[in-house]
């Protein structure tokens, strides 16, 4: 119990001066795989919001490389202790890449959104797209999954988290999948318009 | 004059010369055979490992590679490009993830992709697809049916049952589909935004060196590119090849030692026989240097003839033996004549006698020639100075390192031999002096037997040490074979894992355990929690995570690697695949109220990469929360066990509440693996499953070759050992001929003489083989620990058997040889000797 109190206090300390607490639950793209934590798009977005919109946010990055939608709910439950007000849900890419049954992915995302809404959080869903090599049918179904969730739960949808970044050699690490520092900068700029309402 | 004397001396005792040459040749033939077989086996294993990669060199990259960067570094004779990508394969309204492999018709350069009907994969049309049987079952299709990949429908032309590189990586999560480059165009899978990996496979004219590999890595501007050689294609194969290389080096050393022991003994007896001639030469007023030249000249002639006979044995006899091997075991061993199988034995055969000769001849030249006329054996030890053995010791040390290709193994082996021989001669001489009293007690036969042993102390110690070292070599090789099999083969046999599961959610752990253990779907071997974190501080120093300040590509690559994060775990005690090598395990449950840091244990190689030791601190960041920890222990992990393991293990009570997933290794019967995977897909759709049975079967194939090599070489060393043994005992009896006949003339019965000789042989062989076995235990333990870094495997039968075998053979040889000697007329025997 004492240990949980300490972890809770630590979580609170890290967010004590925040005006708006924004929780990111995502995968390697949001965790900042291969780059320093400070250069990942959640932290760049925080700086942009302050410099361009004078909006102070506190970032809680609960992203894990390689994670699928299945782990999202338990992570949200864990971070609810720090009482976030906004949830950026950026999961699903690994589900698609591993060919996981999309109906189960959709169900997982839905349960995360539902819990967040129950806790009165604003939810922004970061949409993803599959590379064309997965075939036209599958890529369409995958894209539609996010659109359907937006409709079903009336949430804000970023159509494609990697808009203008995917497939651009200069914006990605040498693995061709994960954005580099420049890629994350571009992602932060892409996301900025969706945060105006936080002002 | 010297030449004349050399040849006159040799001519005067043709029988001795013949026996000497024969015995020395046997020792060297052993070395030649071992060296030749070693090269042939190495080549065979090399070609098997090449079939895993299908090429001499492969470069995988997400980017296009400029071939000029490769051809400027290595001598390429052919190359082929293949593409790997994931796609959804569909049929019968079902779709499943497939790992699509696009290969050109000339790939693979080595080995083949084998179909279920035992024919090799060969595209006859652009619309053909060859699939893994798993996909056939998942999509419920048969050969001849259609399968949709991308924009095209393909015909399933065959089922792939055995193909190239299997890995633990992402490719393992989906069954493979092979299509041609033209088929890829039809499927239209490569568009802007497609993710795929190019693999360039090369056939190289010369062996790729480490330096060239380094150059290649630097010339390719892609930090995620992998430059792979057959040895590096899998950690297991690499380990097998490394171990085998060391083992074969040891086998060579054993061959060398066996040959050397035979040589030492023969030269010593050669000089003993020449004692009288040395005295006569000195008595006649010949200079010491002339006497030395005559003796060393004789040795040179004898050793060069013996070495040439031994070296010619390779090309004449070995092809028949290799053919027999190929026919019986379906192998394709090629006999190759190399420096190590021809030139090296020749050099050893010629130079070694010279160095030993110098050491053995000198004492004879520096003592009163009158003494040489006596039958006393003592003089040698009194006159011997150890430093005259130094050139031979240095020569032998250099050869040991050269032949084993390892400074560590060569040094261990040669030092061990020198120390053992030193201790034996010093200690043995004292013991034999003390035992002299036994020659005055008991029966006549016993008195005479002990009399011979204690009076001719140097002779006794020479034959004793030769038998002892021969036994050590015979026992050591099978002992090390067991160590290697235990290290490499055991983890792949029996209850090893067959499925590897990851992305298991905490709430699914119970269900999965139930699914496997309760529903007879297999056994969960490991279920390990995994928590993602970043390493933020090492010994209080902040870890650099920004690439902006880097100046070199290697630096940037290292930082990017660190920024990928680390996986943490916790468990009770140790897994069977790991052992604590330093410090201690974490104690109890972490108490945050105490002002103490959490405890961690690290995998020892990871610790040395980070430059940390026990007592140092590391700080991790888990979801923004800093977590300092103190290193209390270092672990060694057998990564070949295919069990999930972690570089960093935390004390209990620290990470339990953190968001985590689980990884698991499961053992499932081969015949139900497909149905288990299907059920898992339905019940736990998010859990990714890798079937590692194919990987294990590939490794097992290589392993079988290794087991055969280990067994064959063990047998060969044993055989050589027996020959040397025969040579030693036989020769020992020949030089005893005079004494034995003297006893006969003095009126002793044949049965009494046989009893005397058998008592001597039994005493020598029992004790020498016993000490030889003990030495092999010690040497085996040291080599297992230092060279193989493996746990020693003790086997009582392996220790007792050589004692029984060496003693029995020695007694048998002694019995039959003595019996045949005694049949002859004593006067004839004296005539022969003189």
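Protein chains in written order, with my numbering: chain A, 23 to 221; chain B, 8 to 841. The C-beta atom is built at its ideal place from N, Cα and C for all residues, glycine as well.
Rounding to the nearest angstrom, what Cα-Cα distance links residue i and residue j in this structure?
i: residue 747 of chain B; j: residue 760 of chain B; result: 7 Å
i: residue 367 of chain B; j: residue 619 of chain B; result: 53 Å
i: residue 37 of chain A; j: residue 539 of chain B; result: For residue 37 of chain A, the pLDDT reaches just 44, beneath the cut-off of 50, and the residue's location in the model is therefore unreliable, although a value from the coordinates is still provided. Between residue 37 of chain A and residue 539 of chain B, the C-alpha separation is close to 21 Å.
i: residue 446 of chain B; j: residue 453 of chain B; result: 7 Å
i: residue 224 of chain B; j: residue 106 of chain B; result: 26 Å
i: residue 253 of chain B; j: residue 795 of chain B; result: 8 Å
i: residue 295 of chain B; j: residue 302 of chain B; result: 11 Å
i: residue 470 of chain B; j: residue 735 of chain B; result: 7 Å
i: residue 207 of chain A; j: residue 67 of chain A; result: 8 Å
i: residue 532 of chain B; j: residue 409 of chain B; result: 44 Å
i: residue 6 of chain B; j: residue 644 of chain B; result: Because chain B here runs from 8 to 841, residue 6 of chain B falls outside it and cannot be looked at.
i: residue 7 of chain B; j: residue 261 of chain B; result: Past the boundaries of the shown model lies residue 7 of chain B; chain B is included only from 8 to 841, so the question cannot be answered.
i: residue 830 of chain B; j: residue 756 of chain B; result: 12 Å
i: residue 255 of chain B; j: residue 248 of chain B; result: 10 Å
i: residue 192 of chain A; j: residue 205 of chain A; result: 8 Å
Closest by CA to residue i, which one among the options?
i: residue 583 of chain B; options: B:600, B:642, B:194 and B:620; result: B:642
i: residue 546 of chain B; options: B:45, B:576 and B:638; result: B:638
i: residue 624 of chain B; options: B:681, B:631 and B:603; result: B:603
i: residue 180 of chain A; options: A:205, A:216 and A:160; result: A:216
i: residue 55 of chain A; options: B:571, B:672, B:344 and B:295; result: B:571
i: residue 77 of chain A; options: A:41, A:195 and A:186; result: A:41
i: residue 580 of chain B; options: B:607, B:573 and B:601; result: B:607
i: residue 51 of chain B; options: B:576, B:731 and B:117; result: B:117
i: residue 669 of chain B; options: B:612, B:574 and B:600; result: B:574
i: residue 145 of chain A; options: A:156, A:110 and A:162; result: A:110
i: residue 737 of chain B; options: B:827, B:166, B:38 and B:298; result: B:827
i: residue 463 of chain B; options: B:480, B:481, B:449 and B:437; result: B:437
i: residue 107 of chain A; options: A:113, A:81, A:97 and A:118; result: A:81
i: residue 779 of chain B; options: B:693, B:792, B:18 and B:812; result: B:812
i: residue 647 of chain B; options: B:596, B:36 and B:702; result: B:702
i: residue 156 of chain B; options: B:111, B:101 and B:396; result: B:101
i: residue 81 of chain B; options: B:41, B:45, B:133 and B:212; result: B:212
i: residue 164 of chain B; options: B:170, B:136, B:186 and B:140; result: B:136
i: residue 535 of chain B; options: B:511, B:271, B:123 and B:675; result: B:511
i: residue 201 of chain B; options: A:137, A:142 and A:158; result: A:158
i: residue 160 of chain A; options: A:72, A:198 and A:120; result: A:120
I want to check one thing, is the minimum distance from the CB of residue i to the heavy atoms of the ligand COA below 7 Å?
i: residue 800 of chain B; result: Questions concerning the ligand COA fall outside what the structure shown contains, since it holds no ligand whatsoever.
Our contact map puts residue i next to residue j with C-beta atoms below 8 Å; I'd like the distance itself, whole angstroms only.
i: residue 263 of chain B; j: residue 406 of chain B; result: 7 Å
i: residue 721 of chain B; j: residue 488 of chain B; result: 5 Å
i: residue 277 of chain B; j: residue 27 of chain B; result: 6 Å
i: residue 700 of chain B; j: residue 677 of chain B; result: 6 Å
i: residue 69 of chain B; j: residue 196 of chain A; result: 7 Å
i: residue 38 of chain B; j: residue 323 of chain B; result: The Cβ separation is near 16 Å, so there is no contact.
Using a C-beta cutoff of 8 Å, does residue i count as contacting chain D?
i: residue 119 of chain B; result: Protein chains in the displayed structure are A and B, and chain D is not among them.
So, does the region 469-477 of chain B touch the region 428-441 of chain B, judging by three or more C-beta pairs under 8 Å?
By the criterion of at least three beta-carbon pairs nearer than 8 Å, the region 469-477 of chain B is in contact with the region 428-441 of chain B.
Evaluate contact between the region 117-135 of chain A and the region 704-719 of chain B, counting only Cβ atoms and requiring at least three cross-stretch pairs below 8 Å.
Put simply, the region 117-135 of chain A does not touch the region 704-719 of chain B. Fewer than three CB pairs are less than 8 Å apart.
Tell me which residues of the region 81-93 of chain B have at least one Cβ-Cβ distance to chain A shorter than 8 Å, keeping chain order.
Hits within the stretch, in order: 92 and 93.
Pull out every residue of the region 561-583 of chain B whose Cβ sits closer than 7 Å to any Cβ of chain A, in chain order.
Residues of the region 561-583 of chain B with a C-beta less than 7 Å from any C-beta of chain A: 567, 570, 571 and 572, listed in chain order.
Three CB pairs or more closer than 8 Å across the region 752-768 of chain B and the region 454-468 of chain B:
Touching, yes.
Below 8 Å, how does it come out for the region 145-159 of chain B and the region 63-80 of chain B: are there three or more Cβ pairs, yes or no?
Segment contact: the region 145-159 of chain B against the region 63-80 of chain B, fewer than three CB-CB distances shorter than 8 Å; contact not assigned.
I want to know whether the region 767-775 of chain B touches the region 803-822 of chain B - three or more CB-CB distances under 8 Å.
Contact holds: three or more Cβ-Cβ distances are below 8 Å.
Could you run through the region 188-203 of chain B and flag, in chain order, every residue whose CB is less than 9 Å away from some CB of chain A?
Within the region 188-203 of chain B, the qualifying residues are 194, 195, 196, 197, 198, 199, 200, 201, 202 and 203.
Listed from N- to C-terminal order along the chain, which residues in the region 648-671 of chain B have their beta-carbon within a distance smaller than 9 Å of any beta-carbon of chain A?
So the list reads 660, 661, 663, 664, 665, 666, 667 and 668, given in the order they occur along the chain.
Using a Cβ cut-off of 8 Å, which residues of the region 179-208 of chain A contact any Cβ in chain B, in chain order?
So the close ones are 188, 189, 191, 195, 196, 197, 198, 199 and 203.
Say whether the region 88-102 of chain B touches the region 147-163 of chain A, bearing in mind that this needs 3 or more beta-carbon pairs closer than 8 Å, one atom from each stretch.
Segments in contact, yes.
Taking beta-carbon pairs under 7 Å, can you tell me which members of the region 683-697 of chain B lie near chain A?
For the region 683-697 of chain B, which is checked against every Cβ of chain A, the residues closer than 7 Å are 692, 693 and 695.
For the region 68-88 of chain A, list every residue whose C-beta sits within 8 Å of some C-beta in chain B, in sequence order.
Look at the region 68-88 of chain A: the residues with a C-beta under 8 Å from a C-beta of chain B are 82, 83, 84, 86, 87 and 88.
State whether the region 345-361 of chain B contacts the region 60-69 of chain B, with contact taken as three or more CB pairs (one from each stretch) at a distance under 8 Å.
At 8 Å Cβ cutoff, the stretches do not touch.
Would you list, in chain order, the members of the region 616-643 of chain B that have their beta-carbon closer than 9 Å to a beta-carbon of chain A?
Residues passing the 9 Å Cβ filter: 628, 630, 631, 632 and 633.
Going along the region 46-68 of chain A in order, which residues come within less than 9 Å of chain B, judged by CB to CB distance?
The residues in question are 50, 53, 54, 55, 56, 57, 58, 59, 60 and 61.
Just checking, does the region 626-637 of chain B make contact with the region 652-665 of chain B on the three C-beta pairs under 8 Å criterion?
Verdict: yes, contact present.
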